[in-house]
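Student: Below you will find the structure I want to go over with you.
In this note's numbering, the protein residues as written are -10 to 248.
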């Protein structure tokens, strides 16, 4: 079994904006999974248990995007996410890797980029033989994708959201373009932005919960909460729980890693 670790933390009150989830609600947000079905399965178990322990609430679970690529079982992650969504209130944000995956079906230039950034592993998690993949031209790879990736998976990825606001929290995959109102944010920024958002210190009346930018530990500032701890390479998948003004971290870790 994977270690299932809940780390409670509290930041100084003076450093935080007046952020809260509406009364009666509870939210969990999960960082980038990147094909790590092992970690995702452990996280599902941990969040279900944590939610039950905390008592009744209207609970929403948000996956912050980048379910696919790099890890060994993106197809399994998608299947597990769909099953979880069938029995729980789960909302899914599209990351830049979902965007590349979908575009790769029809655009060879995107396909090249996709394959260089973990897409090969995604395709091989479907019933596509490694030998057939290795011998295929880009056009033939697209044919294999259309034949072997289930239409229901494509529809699931296509239906993902780009931005969610609950109370004083905004959930996106990558971040926000500084100085641009929420309703005017571009999809490309929500899925791809990095430096300009991370470095921005402009005041706002909400905190942003995001993934995309990998850090060894969750990044908690008055303006943003970054929870992409690089699950594919680090073996550690991070989520954050939010209820009222309370925040807590939920982490699952590959047990083969040293303590």
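Heads up, the beta-carbon is just placed ideally off N, CA and C, and yes, glycines get one too.
Because the structure is a prediction, the values reported are computed rather than measured.
1. When DSSP builds the beta bridges, which residues end up paired with residue 199?
2. Please report the distance separating the alpha-carbon of residue 153 from that of residue 223.
3. For residue 16, count the other beta carbons within 10 Å of its own beta carbon; 16 or more makes it buried, fewer makes it exposed. Which is it?
4. Do you know whose CA, among 21, 39, 245 and 193, lies nearest residue 239's CA?
5. Is it buried or exposed, residue 147, if we count other Cβ atoms within 10 angstroms and call 16 or more buried?
6. Rank 19, 101, 43 and 55 by C-alpha distance to the C-alpha of residue 226 and give the top, closest one.
7. Here's a check: name, in chain order, each residue in its chain whose Cβ is nearer than 8 Å to the Cβ of residue 110, leaving out the five neighbours to either side.
8. Within the same chain, show all residues whose beta-carbon is closer than 6 Å to that of residue 47, passing over the 5 residues directly before and after it, in chain order.
9. CA-CA distance, residue 43 and residue 142?
10. How is the alpha helix (DSSP H) around residue 88 delimited, first residue to last?
11. What's the call for residue 35, buried or exposed, on a 16-neighbour Cβ count within 10 Å?
12. Report yes if the C-beta distance between residue 84 and residue 162 is below 8 Å; otherwise report no.
13. When DSSP labels each residue in this structure, what does residue 247 get in the three-state scheme?
14. Going along the chain, which unbroken runs of the alpha helix (DSSP H) with 4 or more residues stay wholly within the region 159 to 195?
15. For residue 200, count neighbouring C-beta atoms within 10 Å of its own C-beta (all shown protein chains included) and say buried if the count is 16 or more, exposed if not.
16. List the endpoints of the continuous beta strand (DSSP E) containing residue 47.
17. Using 8 Å as the Cβ pair cut-off and three pairs as the minimum, do the region 88 to 96 and the region 165 to 172 touch?
18. Note down, in chain order, each residue of its chain lying with its Cβ closer than 6 Å to the Cβ of residue 243, except the 5 sequence neighbours on either side.
19. Taking a contact to mean a Cβ-Cβ separation below 8 Å, would you say residue 205 touches residue 214 in this structure?
20. Which stretch, first to last residue, makes up the alpha helix (DSSP H) that contains residue 74?
21. Which whole-angstrom value is the C-beta distance of residue 116 and residue 135, which I expect to be below 8 Å?
22. Ignore the nearest five residues each way along the sequence and tell me which others in residue 219's own chain have a CB closer than 6 Å to its CB.
23. Which partner residues of residue 29 appear in the DSSP bridge assignment?
24. In the DSSP output, which residue or residues are listed as bridge partners for residue 143?
25. Name the two residues that bound the continuous beta strand (DSSP E) containing residue 18.
26. Classify residue 179: buried if its beta carbon has 16 or more other beta carbons within 10 angstroms, exposed otherwise.
27. For residue 228, count the other beta carbons within 10 Å of its own beta carbon; 16 or more makes it buried, fewer makes it exposed. Which is it?
28. Where does residue 235 fall in DSSP's three states?
Tutor: Inspection of the coordinates gives the following:
1. BP columns for residue 199 point to 215.
2. C-alpha separation (whole angstroms): 27 Å.
3. Burial call: buried.
4. If we check each option's Cα against that of residue 239, 39 comes out closest.
5. The residue is exposed, with fewer than 16 neighbouring Cβ atoms inside 10 Å.
6. That would be 19, whose Cα lies nearest to the Cα of residue 226.
7. Contacts found: 24, 58, 59, 60, 61 and 63.
8. Here residue 47 has 13 and 14 as same chain residues with Cβ atoms under 6 Å from its own Cβ, once five neighbours each way along the sequence are excluded.
9. Taking the straight line from one Cα to the other gives about 33 Å.
10. Unbroken alpha helix (DSSP H) run through residue 88: 85 to 93.
11. When all chains shown are included, residue 35 counts as buried.
12. Contact check for residue 84 against residue 162 passes: the beta carbons are separated by less than 8 Å.
13. Coil, per DSSP.
14. As for any alpha helix (DSSP H) of minimum length 4 sitting wholly inside the region 159 to 195, the runs are 176 to 181 and 184 to 188, ordered along the chain.
15. Residue 200 is buried by the Cβ-count criterion.
16. First-last of the beta strand (DSSP E) with residue 47: 47 to 52.
17. No: fewer than three Cβ pairs fall under 8 Å.
18. Excluding positions up to five away in sequence, the list reads 224.
19. No; because the gap between Cβ atoms is not below 8 Å, this pair is not in contact.
20. It spans 63 to 76 - the alpha helix (DSSP H) in which residue 74 sits, taken as one unbroken run.
21. Going by Cβ atoms, the distance from residue 116 to residue 135 rounds to 13 Å, so no, they are not a contact pair.
22. Excluding sequence positions up to five before and after residue 219, its CB lies within less than 6 Å of the CB of 203, all in the same chain and listed in chain order.
23. DSSP output for residue 29 lists no bridge partner at all.
24. Residue 143 is not bridged to any residue.
25. Looking at the DSSP string, the run of the beta strand (DSSP E) that includes residue 18 is 14 to 19.
26. It is buried - the Cβ of residue 179 has at least 16 other Cβ atoms within 10 Å.
27. So residue 228 ends up on the buried side.
28. In the structure shown, residue 235 sits in a strand (DSSP, three-state: E or B).
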